[in-house]
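See below for the structure under consideration.
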Amino acid sequence: MAIDLFQLFSRKPSSWSWLSIVLWSLWAIGAANAESDPIDAEHWRRQQLTKVARKIDEAASENERMEYEARLSWLRHWQPGQMTSAPTRPPIESDLVEEPLLGRLERPAKMDADVWQRITSAQVELHAVDTDDDRKEKVREIIESARRFEELLSEHLPSQLQQLPTPTAWTLAYARYRLGRALAYRELPSVRERWPISDPVRYQQQLSAVYQRLIDQAGHGCPEFILLEDRMLRRAGQKGRALKLLEANQQSIDPKWYLKKRRDLLDELGWEPPYQEAAQIYFEAGYRDDP
966 MAIDLFQLFS
976 RKPSSWSWLS
986 IVLWSLWAIG
996 AANAESDPID
1006 AEHWRRQQLT
1016 KVARKIDEAA
1026 SENERMEYEA
1036 RLSWLRHWQP
1046 GQMTSAPTRP
1056 PIESDLVEEP
1066 LLGRLERPAK
1076 MDADVWQRIT
1086 SAQVELHAVD
1096 TDDDRKEKVR
1106 EIIESARRFE
1116 ELLSEHLPSQ
1126 LQQLPTPTAW
1136 TLAYARYRLG
1146 RALAYRELPS
1156 VRERWPISDP
1166 VRYQQQLSAV
1176 YQRLIDQAGH
1186 GCPEFILLED
1196 RMLRRAGQKG
1206 RALKLLEANQ
1216 QSIDPKWYLK
1226 KRRDLLDELG
1236 WEPPYQEAAQ
1246 IYFEAGYRDD
1256 P
């Protein structure tokens, strides 16, 4: 093509002819690249399947084996160029248990009215600061408010009212979720810049402890709290299992967060072809990352 273009240029064609040639050449090159991308991605997928299968055979522990099996499962289902642009299952928001508002519940028997008032007020205060708009800016206040609220519930609720599926138990579980989520937000770069983690060991202990309390109460895979469980798997380096959990619970996750977390996990795994596809889908859906 280079020789043909040189010959055409040497004949001094009109400006319109010259522009047509350049545009046609650019289109041809772009079309060729576009056609080659799916082939390259499929080649990458097959290579990766082989590598991950080998990792399973060489796994030194059950956890490691489960991690690579999760990665293998995702790669087997992914078809280059055919990644879903939204959750593939219908939403089940109506099946999710919303956080009960204590102010709408009857005061538990044998609980003093002033104690119940303190607890219900603590929930109102927590909800006032823990909002979508203010969550990053008010992390410190949210952590303190959620910790105080959880302590009040744990101390004053009778044990039977701390067991799911009682409404008060759901309130306690949501308090733990909010506290765990706020602690996890502390690791965001924009938050750490304003509020550095001065004692990483203590921070890790706090986050792990509240997460374990939530899991002990609600169990693994509870869709209401799946995003925190997904984040904890990512923090532990179990990104394949986090991706598997995300895909299995996509119907209970807001589409923006599903698409964003899928993209981020693929990036963290270093899987460039599916990451690029997921990033394009996230962008084309109109979503943008927060500054």
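Mind the numbering: the sequence shown is residues 966 to 1256 in our numbering, read in order.
Even for Gly, the Cβ is constructed at its ideal location relative to N, Cα and C.
Report yes if the C-beta distance between Glu1242 and Met1048 is below 8 Å; otherwise report no. Translated into positions along the sequence shown, residue 1242 becomes position 277. Translated into positions along the sequence shown, residue 1048 becomes position 83. Yes, the Cβ-Cβ distance between Glu1242 and Met1048 is below 8 Å.
So, for Ile1107: in the same chain, excluding its five sequence neighbours on each side, which residues have a beta-carbon less than 6 Å away from its beta-carbon? Residue numbering aside, residue 1107 sits at position 142 when the sequence shown is read from its first letter. Cβ neighbours of Ile1107 beyond the five flanking positions: Val1094, Asp1095 and Ala1147.
In three-state terms, what does DSSP make of Gln1215? Start at 1 with the first residue of the sequence shown, and residue 1215 comes out as number 250. Looking at Gln1215 - three-state DSSP - the assignment turns out to be helix.
Same chain only: Cβ atoms within 6 Å of Leu930, ignoring 5 sequence neighbours per side: Look at the range of the chain in this structure, 966 to 1256, and you will see that residue 930 is not part of it.
Note down, in chain order, each residue of its chain lying with its Cβ closer than 8 Å to the Cβ of Leu1070, except the 5 sequence neighbours on either side. Here the question's residue 1070 lines up with position 105 in the sequence shown. Within the same chain, Leu1070 has close Cβ partners Pro1132 and Thr1133.
Status (buried if at least 16 other CB within 10 Å, exposed otherwise) for Ala1078: As a first step, residue 1078 must be located in the sequence shown, where it is residue number 113. With fewer than 16 other Cβ atoms within 10 Å, it is exposed.
What residues in its chain sit with their C-beta under 6 Å from that of Trp1039, if we drop five residues either side in the sequence? To locate residue 1039, count along the sequence shown from 1; it is residue 74. Excluding residues within five positions, the ones whose Cβ falls inside 6 Å are Leu1208.
Quick check on Lys1221: buried or exposed, where buried means 16 or more other Cβ atoms within 10 Å of its Cβ? Counting from 1 along the sequence shown, the entry for residue 1221 is found at position 256. Its Cβ having fewer than 16 others within 10 Å, Lys1221 is exposed.
Mapping DSSP to helix, strand and coil, what is Tyr1252? For the purposes of this step, residue 1252 is taken as the residue at position 287 of the sequence shown. Coil, per DSSP.
Decide if Lys1016 is buried, meaning its Cβ has at least 16 other Cβ atoms within 10 Å, or exposed. Here residue 1016 refers to the residue found at position 51 of the sequence shown. Lys1016 is exposed by the Cβ-count criterion.
I need the straight-line Cα distance from Asp1005 to Glu1237, nearest angstrom please. Translated into the one-based positions of the sequence shown, residue 1005 becomes position 40. Translated into the one-based positions of the sequence shown, residue 1237 becomes position 272. Cα to Cα, Asp1005 sits roughly 11 Å from Glu1237.
Please state whether DSSP places Arg1178 in a helix, a strand or coil. Counting from 1 along the sequence shown, the entry for residue 1178 is found at position 213. Reduced to three states, the DSSP call for Arg1178 is helix.
Can you grab the Cα-Cα spacing for the pair Asp1219 / Leu1192, in whole Å? Taking the first residue of the sequence shown as 1, we reach residue 1219 at position 254. Taking the first residue of the sequence shown as 1, we reach residue 1192 at position 227. Their backbone Cα atoms lie some 10 Å apart in a straight line.
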